[in-house]
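The structure appears right after this line, and notes come after that.
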Amino acid sequence: QKNDKKWVKFNLLDPDHPSYNERLFTLPVSDIREVKSSNGQTELRVFIKTKICFFEYVHEIELSLTNRSEMKYPLLIGRKFLKNKFLVDVSKKHLSTNKEKS
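In terms of the numbering used here, the sequence shown has -14 at position 6, counting the first letter as 1, and numbering is strictly consecutive.
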């Protein structure tokens, strides 16, 4: 707790991940609330507000923190954030890179 606010320290990658670099982030907690996970169970999660960059544009986003070490992706972007901002084409990959390799 700092300045009457709760803070949280976290990393984005599991130590077994090839890109792991031991970097810890410290941010204020924006909320703590119940979330229904993909397996249907309800769990209490910490939320943070941060910024994320997509295609050279910076967007504010609220993320929930949970242990994803056993999951394929270290971070998920939710439907609420994507709605009315992006058109998602699941058949395409890595569109934010500069040029497509030929």
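We treat Cβ as the ideally placed atom computed from N, Cα and C, and that holds for glycine.
Within the continuous alpha helix (DSSP H) that includes GLU59, where are the two ends?
As a first step, residue 59 must be located in the sequence shown, where it is residue number 79. The question names Glu, yet the displayed sequence has Arg at residue 59. ARG59 -> alpha helix (DSSP H) spans 59 to 62.
Just tell me which of PRO(-5), PRO54, LEU7, ASN1 has its CA closest to the CA of ASN(-17).
As a first step, residue -17 must be located in the sequence shown, where it is residue number 3. Closest option to ASN(-17), Cα to Cα, is LEU7.
How far does the beta strand (DSSP E) with ARG13 in it reach, from first residue to last?
Position 33 of the sequence shown, counted from the first residue, corresponds to residue 13. Note, ARG13: beta strand (DSSP E), 5 to 16.
Beta-carbon spacing of VAL15, VAL(-12) below 7 Å:
For the purposes of this step, residue 15 is taken as the residue at position 35 of the sequence shown. For the purposes of this step, residue -12 is taken as the residue at position 8 of the sequence shown. Not a contact, by the Cβ cut-off of 7 Å.
For a test of your reading of the model: does the CB of VAL38 fall under 6 Å from any non-hydrogen atom of the ligand FMN? Yes or no.
As for the ligand FMN, it is missing from this structure, which has no ligand bound.
Same chain, Cβ closer than 8 Å to ILE41, five either side skipped, listed in chain order
Indexing the sequence shown from 1 puts residue 41 at position 61. These residues qualify, in order along the chain: LYS29, THR30, LYS31, ILE32, ILE57, PHE61.
Taking the alpha carbon of VAL9 as the reference point, which residue from HIS(-3), SER49, MET51, LEU45 has its own alpha carbon closest?
By 1-based counting over the sequence shown, the position of residue 9 is 29. Measuring from the Cα of VAL9, the nearest candidate turns out to be LEU45.
For a quick check, are the C-beta atoms of SER71 and PHE35 less than 7 Å apart?
Reading the sequence shown from its first residue, position 91 is the one you call residue 71. Reading the sequence shown from its first residue, position 55 is the one you call residue 35. No, the Cβ-Cβ distance between SER71 and PHE35 is not below 7 Å.
Compute the Euclidean distance between the alpha carbons of LYS65 and LEU55, then round it to the nearest angstrom.
As a first step, residue 65 must be located in the sequence shown, where it is residue number 85. As a first step, residue 55 must be located in the sequence shown, where it is residue number 75. Cα to Cα, the separation comes out at about 19 Å.
Inter-residue spacing [alpha-carbon to alpha-carbon] between LYS73 and LEU67
Locating residue 73 in the sequence shown gives position 93, where the first residue counts as 1. Locating residue 67 in the sequence shown gives position 87, where the first residue counts as 1. About 13 Å.
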